[in-house]
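Numbering (this note's numbering), first residue to last: 30 to 376.
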Amino acid sequence: MFDWVKEPYQDEDMSRRMPAEWEAVEAVQIILPNANTDWEYILDEVKQCYADLRRALEKTGVKVVVVGKREDAGELLKNETLIDLPYNDTWARDCSPITVFDQHGIRHLIDFQFNGWGLKFAADKDNLLGRGVYENIFKGEGYEYEAHYETVLEGGSIESDGKGTIMTSVHCLTSPNRNGHTVDEMEDILGKTLGAKRVLWLKHGALSGDDTDGHIDTLARLAPNDTIIYVGAPKDKADPDYQGLVDMKADLESFRTWDEEPFKLVELPFPTRVYDDEGEMLPGTYANYLYVNNYILLPIYGVEEDAEAIKVMQQVFPDKEILAVNCRALIKQHGSLHCVTMQYPKA
Numbered sequence: 030m031f032d033w034v035k036e037p038y039q040d041e042d043m044s045r046r047m048p049a050e051w052e053a054v055e056a057v058q059i060i061l062p063n064a065n066t067d068w069e070y071i072l073d074e075v076k077q078c079y080a081d082l083r084r085a086l087e088k089t090g091v092k093v094v095v096v097g098k099r100e101d102a103g104e105l106l107k108n109e110t111l112i113d114l115p116y117n118d119t120w121a122r123d124c125s126p127i128t129v130f131d132q133h134g135i136r137h138l139i140d141f142q143f144n145g146w147g148l149k150f151a152a153d154k155d156n157l158l159g160r161g162v163y164e165n166i167f168k169g170e171g172y173e174y175e176a177h178y179e180t181v182l183e184g185g186s187i188e189s190d191g192k193g194t195i196m197t198s199v200h201c202l203t204s205p206n207r208n209g210h211t212v213d214e215m216e217d218i219l220g221k222t223l224g225a226k227r228v229l230w231l232k233h234g235a236l237s238g239d240d241t242d243g244h245i246d247t248l249a250r251l252a253p254n255d256t257i258i259y260v261g262a263p264k265d266k267a268d269p270d271y272q273g274l275v276d277m278k279a280d281l282e283s284f285r286t287w288d289e290e291p292f293k294l295v296e297l298p299f300p301t302r303v304y305d306d307e308g309e310m311l312p313g314t315y316a317n318y319l320y321v322n323n324y325i326l327l328p329i330y331g332v333e334e335d336a337e338a339i340k341v342m343q344q345v346f347p348d349k350e351i352l353a354v355n356c357r358a359l360i361k362q363h364g365s366l367h368c369v370t371m372q373y374p375k376a
């Protein structure tokens with residue numbers, strides 16, 4: 030049917046599937062900023078952002094798992110579950126385990142290696158968080174644990190439709206400082222570990238200031254009803270990201286659904302550029318949102334495009350409440366809302 034669909038794997042793992050993010054969520058994990066992380070220089074500012082995020086999560090009614098020390102929690106801790114584990118930084122999306130369902134509906138926490146986005150930053154403690162979260166929170170709660178440390182893979186680098194499609198980017202997953210694998214080799218790994226039956230590869234698109242080599246959750250997101258929500262190109266054609274995002278749209282236009290139809294493409298605005306104190310561009314993006322059951326937590330940045338982004342998301346999800354969270358502090362360390370969270374689906 031599709032020339033990019035792999036032949037079924039012969040091992041039983043092929044019956045597993047990675048759920049779509051819009052499926053029902055049981056818990057969301059965050060990791061607390063503190064003075065021993067890279068947030069030290071803007072600690073009060075980022076704590077306010079986390080407090081706003083916690084209030085949004087509280088409204089959803091989902092269970093919140095907080096990694097950190099009680100003395101660092103402040104108003105971040107109310108009814109949340111706290112576990113004290115060592116960590117390098119707070120990017121829960123990329124160092125946390127990824128959930129898949131097996132053929133019996135059992136949830137497996139897949140713990141890949143995390144190496145600081147291709148050996149850019151220290152990650153020795155973060156790399157152990159997956160096992161620690163399982164042992165302290167999910168063991169005996171209907172989850173199984175699998176370590177796949179032979180493969181470097183971050184949660185922010187992949188999107189799933191829950192039916193066997195994985196969307197990702199070539200320049201991230203084939204990065205020589207991660208695995209150095211070819212596209213075919215990575216497809217084999219995604220099939221065996223996550224149940225991928227096909228992979229949609231973005232060849233273009235990246236945000237200046239992004240340390241991840243083009244994580245998909247900063248660029249384009251799979252959504253229900255064969256929809257892809259993506260970041261539009263900046264209005265300024267001289268912007269360094271302009272051509273790459275134009276070419277990324279062409280990639281998206283070439284993708285086909287399981288019914289061999291084009292995806293419905295919905296464009297998010299490109300936010301007004303935000304710069305750090307040294308004048309470096311920061312990677313603001315509205316694509317870094319989080320589904321939590323009847324809500325969508327949407328990052329905003331205190332710029333004029335915020336209102337348009339909220340409007341677009343409400344049009345795509347008329348039955349969900351959009352909870353805007355100001356994440357201007359988060360992009361100062363080159364991530365945003367989806368990057369600092371990890372969801373765990375209901376059984």
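Just so it is clear, CB atoms sit at the ideal spot from N, CA and C, and this is done for glycine as well.
DSSP state of residue i mapped onto helix, strand, coil
i    : result
Q344 : helix
N355 : strand
M47  : coil
W287 : coil
K168 : strand
T194 : strand
E330 : The sequence shown places Tyr at residue 330, not Glu. Coil, per DSSP.
I245 : helix
G308 : coil
L9   : The requested residue 9 is not part of the displayed model; the chain covers only 30 to 376.
I339 : helix
A267 : coil
A252 : strand
S125 : coil
S391 : The question about residue 391 has no answer here: the residues shown for the chain are numbered 30 through 376.
Selected residue, minimal CA-CA separation from residue i, among the options
i    : options                   : result
Q132 : N117, K192 and C78        : K192
V94  : A56, T66 and A64          : A56
D81  : Q372, L352, A376 and I360 : L352
L114 : I339, N156 and M310       : N156
E179 : D265, T222, L366 and P347 : T222
S198 : L297, A235, P263 and L72  : A235
A358 : I339, V303 and N323       : V303
Y163 : L61, V96, R83 and N108    : V96
K149 : D140, L319 and D118       : D118
A49  : D276, E289, D140 and T194 : T194
G169 : D101, H367, I135 and V54  : I135
Boundaries (first-last residue) of the alpha helix (DSSP H) holding residue i
i    : result
E282 : Y271 to S283
Q362 : Looking at the DSSP string, Q362 is not in any alpha helix (DSSP H), and its letter there is neither H nor E.
T222 : V212 to L223
L158 : L158 to V162
Q142 : Run containing Q142: none in the alpha helix (DSSP H); it sits in the beta strand (DSSP E), R136 to Q142.
Q77  : L72 to T89
A56  : From DSSP, A56 is part of no alpha helix (DSSP H) but of the beta strand (DSSP E) over V54 to I60.
L202 : V199 to L202
L114 : From DSSP, L114 is part of no alpha helix (DSSP H); its letter is neither H nor E.
R207 : R207 -> no alpha helix (DSSP H), and no H or E assigned at all.
R99  : R99 to A102
Residue i burial status per 10 Å Cβ neighbour count (16 or more: buried)
i    : result
R46  : buried
E188 : buried
I127 : buried
D305 : exposed
Y373 : buried
T211 : exposed
Q272 : exposed
G243 : buried
S125 : buried
Y324 : buried
P300 : buried
G224 : buried
K278 : buried
A336 : exposed
S204 : buried
D288 : exposed
Any non-hydrogen atom of the ligand FAD within 7 Å of residue i CB
i    : result
K375 : The model depicted lacks the ligand FAD and carries no ligand whatsoever.
Endpoints, beta strand (DSSP E) assigned at residue i
i    : result
Y174 : Y172 to V181
K92  : K92 to V96
M371 : M371 to P374
L297 : K293 to L297
W230 : R227 to L231
L319 : L319 to V321
I403 : This structure leaves residue 403 out entirely; the chain is present only between 30 and 376.
Nearest-angstrom beta carbon gap, residue j and residue i [assumed within contact, 8 Å]
i    : j    : result
V341 : V369 : Contact doesn't hold; Cβ gap of about 22 Å is too wide.
V345 : I258 : 6 Å
F143 : E173 : Incorrect: roughly 20 Å between the Cβ atoms, too far for contact.
D270 : H363 : About 14 Å; that fails the 8 Å criterion.
L231 : L219 : So it is not a contact: roughly 14 Å between Cβ atoms.
A152 : G145 : 4 Å
S365 : P328 : 5 Å
I360 : P312 : 6 Å
V228 : E216 : 5 Å
T110 : N322 : Not really, about 18 Å apart at Cβ, beyond 8 Å.
G6   : D246 : Because residue 6 is not part of the residues shown, which for the chain are 30 to 376, the question remains open.
Q58  : M371 : 5 Å
C-beta neighbour in chain D for residue i, strict 8 Å
i    : result
E164 : Structure shown: chain D not included; a single protein chain is present.
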